[in-house]
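S.K.: In the working numbering, the protein residues as written are 6 to 229.
Next up, the structure:
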């Protein structure tokens, strides 16, 4: 496995469409992404989504995208603080699977996002994509809700927030969006730009100031 900051991210262009199509036609990618043409031309230049070709030692081997969660109406992550990003990715070259590269380049990209003051990074793998879920757990994501059907398919929401170890899990409950805090809850909420009485997107939910962290984590992990 390569060391930190060894992966190179370059913007995907029209010249990459054949490469992306070949990757998506692979069984291990097509199962989750579909094997049809990867993107229409207008999607490739959509300003809401940053699309990347990931390479190691000048060898392109993976695709990654990060997107503005507030860029679409009624997105399942639209309750998150302004500036939050969602991520998706896959390794296209089968020889690079199982060697720690997924963990490596996801962690590197997340470090870059957090350095740009992105408050929360979200992801929503298919609930049966166990390999992806295991990688997300390794890089610090926590369960943020139950499996749900969306216009993008069946998803299992996970979140990661980097705020001085104050936030260790985020979960959206039936009527409340709850932020689980270990310490200094109000300070962390202020950093997230989410005052306790905020009602995101006109919903009936509210941001919770304090919650029993152990009990909350047990509930979010499904063990109580």
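Backbone N, C-alpha and C define an ideal beta-carbon position, used for all residues, glycine too.
Pick out the complete beta strand (DSSP E) segments inside the stretch 66-112, 3 residues or longer, and give them in chain order.
M.R.: Counting only runs that start and end inside the stretch 66-112, the beta strand (DSSP E) elements of at least 3 residues fall at 90-96.
S.K.: Looking at residue 55 and residue 42, is the spacing between their C-beta atoms short of 9 Å?
M.R.: Working through the chain shown from its first residue, we reach residue 42 at position 37. Working through the chain shown from its first residue, we reach residue 55 at position 50. In this structure, residue 55 does not lie closer than 9 Å to residue 42 by Cβ.
S.K.: Per DSSP, residue 127 forms a beta bridge with which residues?
M.R.: On the chain shown, position 122 is the one that residue 127 refers to. According to DSSP, which records beta bridges pairwise, residue 127 is partnered with 91 and 164.
S.K.: According to DSSP, residue 14 sits in a beta bridge with which residue or residues?
M.R.: Walking along the chain shown from the start, residue 14 turns up at place 9. Answer by DSSP bridge pairing, in chain order: 59.
S.K.: Residue 107 to residue 129, Cα distance in whole Å?
M.R.: Taking the chain shown and counting its residues from 1, one reaches residue 107 at position 102. Taking the chain shown and counting its residues from 1, one reaches residue 129 at position 124. CA-CA distance, residue 107 to residue 129, rounds to 16 Å.
S.K.: Considering only their Cβ atoms, is the gap separating residue 31 from residue 97 smaller than 9 Å?
M.R.: Within the chain shown, the letter at position 92 stands for residue 97. Within the chain shown, the letter at position 26 stands for residue 31. Result yes, Cβ atoms of residue 97 and residue 31 sit closer than 9 Å.
S.K.: Compute the Euclidean distance between the alpha carbons of residue 58 and residue 79, then round it to the nearest angstrom.
M.R.: Indexing the chain shown from 1 puts residue 58 at position 53. Indexing the chain shown from 1 puts residue 79 at position 74. Cα-Cα distance, rounded: 28 Å.
S.K.: Just checking my contact of residue 86 with residue 124 at CB under 8 Å: how many whole Å lie between their CB atoms?
M.R.: Sequence index remark: in the chain shown, residue 86 carries index 81 (1-based). Sequence index remark: in the chain shown, residue 124 carries index 119 (1-based). Contact holds; Cβ gap of about 4 Å.
S.K.: Alpha carbon to alpha carbon, how far is residue 45 from residue 156? Give it in angstroms, no decimals.
M.R.: The residue labelled residue 156 in the question sits at position 151 within the chain shown. The residue labelled residue 45 in the question sits at position 40 within the chain shown. Taking the straight line joining both Cα atoms gives about 18 Å.
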